[in-house]
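Data first, discussion second: the structure below is written as structure tokens.
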Amino acid sequence: MKSILNGLAALGLGLAAVTASNAAEYPIKKPVEQDWSFAGPFGTYDKGQLQRGFKIYREVCAACHSMNLVAFRNLEDLGYSEAQVRAIAAEYEVEDGPDDSGDMFMRAAKPSDRFPAPFANPQQAAASNNGAVPPDFSLIAKARAVERGFPTFVFDIFTQYAEAGPDYIHALLTGYEEDSHGHDVPEGTYYNPYFISSASLAMAPPLSEGMVTYDDGAPETVDQYARDVSAFLMWAAEPHMEARKSTGFVVMVFLLLFGGLMYLTKRKIWADVH
């Protein structure tokens, strides 16, 4: 019995070691920290960049990826007018009902509706994408990040670094390349050393030079497309970031003043006590 238990323990340690090794193997390359307008304690969103990123999502990403938590009316935060938001929403159809006969029906979307999913269910999504279900993009910029490790994460506390998600998305979108090191790349998948789960993923390179036309003269390159859609997805995941940072700054100022007043009060009260 003791030998069996020892064998099971050894097997468990071996599996743990393999798991730890696999976990540490990916991503093969770590994302490079990018320069974002919304970085730092005083960062703000670039509305022009957000509008370009939204255009990338509409024309490229929306064919596979949903945004179930984002409503059309939220687009006013990007600088669109109410009339523009209504026009954008009207380009989509959503299911509604039931009607008086008890049947569901399709109608043009309204600003209060959320972005409709491109597939009816996960099974249909998987069947259309080589067996992989494309993730929802509503919170993807907060849900995907690569651990930066020690001692980097210590410095992140002081620099207020919170852009690991956009850094990862940008790296993934621009990181497709030929595998020259003999990694295990299953047929039908595409090698990407920045992918967080394995050496390859089912999504083909989604961006190419000049595939989306910008109206503001911004470069129509893969790098610019990736930056813009990463910023847009960060906004989708944290639309109230600017208000949060502004409130946080006011709170910090208040706490500093309050601490100073408390110190002076203490000195006044205990001034005659030796």
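For the sequence shown, the positions run -23 to -1, 1 to 251 when mature numbering (1 follows the signal peptide of the UniProt record, and there is no 0) is used.
Just so it is clear, CB atoms sit at the ideal spot from N, CA and C, and this is done for glycine as well.
- By how many angstroms is the C-alpha of Ser105 removed from the C-alpha of Ala195? Residue numbering aside, residue 195 sits at position 218 when the sequence shown is read from its first letter. Residue numbering aside, residue 105 sits at position 128 when the sequence shown is read from its first letter. In a straight line, the C-alpha of Ala195 is about 33 Å away from that of Ser105.
- If Phe49 sits next to Asp23, beta carbons under 8 Å apart, how far is it from one beta carbon to the other, in whole angstroms? Locating residue 49 in the sequence shown gives position 72, where the first residue counts as 1. Locating residue 23 in the sequence shown gives position 46, where the first residue counts as 1. Wrong, their Cβ atoms sit about 21 Å apart, outside the cutoff.
- Below 7 Å between beta carbons: does that hold for Gly30 and Asp205? One-based indexing of the sequence shown puts residue 30 at position 53. One-based indexing of the sequence shown puts residue 205 at position 228. Yes, Cβ-Cβ distance for Gly30 and Asp205 is below 7 Å.
- Message: In the DSSP output, what is Ala48 paired with across the bridge?
- Response: Along the sequence shown, one-based indexing puts residue 48 at 71. Bridge partners of Ala48: Arg91.
- Message: Is it the case that the region 119 to 126 contacts the region 54 to 61, given that we only count it when at least three CB pairs across the two stretches are under 8 Å?
- Response: no
- Thinking C-beta only, is Ala176 closer than 7 Å to Ser115? The sequence position of residue 115 within the sequence shown is 138, counting from 1. The sequence position of residue 176 within the sequence shown is 199, counting from 1. No, they are not a contact pair.
- Query: Met83 by DSSP, collapsed to three states: which one?
  - Reply: Position 106 of the sequence shown holds residue 83. Note: Met83 maps to strand in three-state DSSP.
- What is the DSSP secondary structure of Glu53, counted as helix, strand or coil? If you number the sequence shown from 1, residue 53 lands on position 76. Helix at Glu53.
- Between Ala179, Asn45 and Ala203, which lies nearest to Val189 when the distance is taken from Cα to Cα? Taking the sequence shown and counting its residues from 1, one reaches residue 189 at position 212. Ranking Ala179, Asn45 and Ala203 by Cα distance to Val189 puts Ala203 first.
- Between the CA atoms of Pro4 and Ser(-3) - distance to the nearest angstrom: Along the sequence shown, read from residue 1 onward, the residue named residue -3 stands at position 21. Along the sequence shown, read from residue 1 onward, the residue named residue 4 stands at position 27. Residue confidence for Ser(-3) is low, a pLDDT of 40 falling below 50, so the modelled location carries little weight and cannot support an answer.
- In chain order, what residues of the same chain have a beta carbon less than 8 Å from the beta carbon of Pro18, not counting five sequence neighbours either side? The count along the sequence shown starts at 1 and reaches residue 18 at position 41. Cβ neighbours of Pro18 beyond the five flanking positions: Gln137, Lys222, Gly225 and Phe226.
- Assuming Glu68 contacts Met83 (C-beta within less than 8 Å), just tell me the rounded distance between them. On the sequence shown, position 91 is the one that residue 68 refers to. On the sequence shown, position 106 is the one that residue 83 refers to. Actually they are not in contact, since the Cβ atoms of Glu68 and Met83 sit about 13 Å apart, beyond 8 Å.
- Burial state of Ala94, where buried means 16 or more other Cβ atoms lie within 10 Å: For the purposes of this step, residue 94 is taken as the residue at position 117 of the sequence shown. When all chains shown are included, Ala94 counts as buried.
- Query: Can you round the beta-carbon distance between Val199 and Leu178 to whole angstroms, since I take them to be within the 8 Å contact cut?
  - Reply: Within the sequence shown, numbered from 1, the residue matching residue 199 stands at position 222. Within the sequence shown, numbered from 1, the residue matching residue 178 stands at position 201. Actually they are not in contact, since the Cβ atoms of Val199 and Leu178 sit about 17 Å apart, beyond 8 Å.
- Item | Contact set for Ile146: own chain, Cβ-Cβ below 8 Å, skip 5 residues either direction | Counting from one through the sequence shown, the residue named residue 146 turns up at place 169. Excluding sequence neighbours, Ile146 sits near Ile117, Ala118, Arg121, Ala203, Val206, Ser207 and Leu210.
- Task: Grab the span of the beta strand (DSSP E) containing Glu124 for me, first residue to last.
- Result: Here residue 124 refers to the residue found at position 147 of the sequence shown. Looking at the DSSP string, Glu124 is not in any beta strand (DSSP E), and its letter there is neither H nor E.
- Message: Let me confirm a value: Ala139 is counted as buried when at least 16 other C-beta atoms fall within 10 Å, else exposed. Which label applies?
- Response: Within the sequence shown, residue 139 is the residue found at index 162, counting from 1. Label assigned to Ala139: buried.
- Taking 7 Å as the cut-off, decide whether the C-beta atoms of Pro111 and His42 are in contact. Residue 111 sits at position 134 when you count from the first residue of the sequence shown. Residue 42 sits at position 65 when you count from the first residue of the sequence shown. The answer is yes: Cβ separation under 7 Å.
- Query: Considering only residues of the same chain and omitting the five flanking positions on each side of Asp113, which have a CB-CB separation below 6 Å?
  - Reply: If you number the sequence shown from 1, residue 113 lands on position 136. Excluding sequence neighbours, Asp113 sits near Ser43 and Asn45.
- Message: Suppose the cutoff is 8 Å on Cβ atoms and the five residues either side in sequence are ignored; what does the same chain contact list for Gly74 look like?
- Response: Working through the sequence shown from its first residue, we reach residue 74 at position 97. Asp80, Met81 and Phe82.
- Message: Once DSSP output is grouped into helix, strand and coil, what is the label at Val162?
- Response: Within the sequence shown, the letter at position 185 stands for residue 162. Residue state, collapsed to three classes: coil.
- Message: For Asp73, report the span of its beta strand (DSSP E) as first-last.
- Response: Counting from one through the sequence shown, the residue named residue 73 turns up at place 96. Unbroken beta strand (DSSP E) run through Asp73: Glu70 to Asp73.
- Message: Tell me the rounded alpha-carbon separation between Ala40 and Pro128.
- Response: The residue given as residue 40 occupies position 63 in the sequence shown. The residue given as residue 128 occupies position 151 in the sequence shown. The alpha-carbon atoms of Ala40 and Pro128 are separated by roughly 40 Å.
- Per DSSP, what kind of secondary structure is Tyr138 in: helix, strand or coil? In the sequence shown, counting from the first residue as 1, residue 138 sits at position 161. In this structure, Tyr138 counts as coil in the three-state DSSP scheme.
- Indicate whether Gln11 and Asp144 have their beta-carbon atoms separated by less than 7 Å. Looking up residue 11 in the sequence shown gives position 34. Looking up residue 144 in the sequence shown gives position 167. It is a contact, given that the beta carbons lie within the stated cut-off.
- Query: Is the beta carbon of Leu149 less than 7 Å from the beta carbon of Tyr171?
  - Reply: As a working mapping, residue 149 is identified with position 172 in the sequence shown. As a working mapping, residue 171 is identified with position 194 in the sequence shown. In this structure, Tyr171 lies closer than 7 Å to Leu149 by Cβ.
- Query: Of the residues Arg35, Pro88 and Glu154, which one's Cα is nearest the Cα of Arg63?
  - Reply: As a first step, residue 63 is located in the sequence shown; it is residue number 86 there, counting from the start. The shortest C-alpha separation from Arg63 is found at Pro88.
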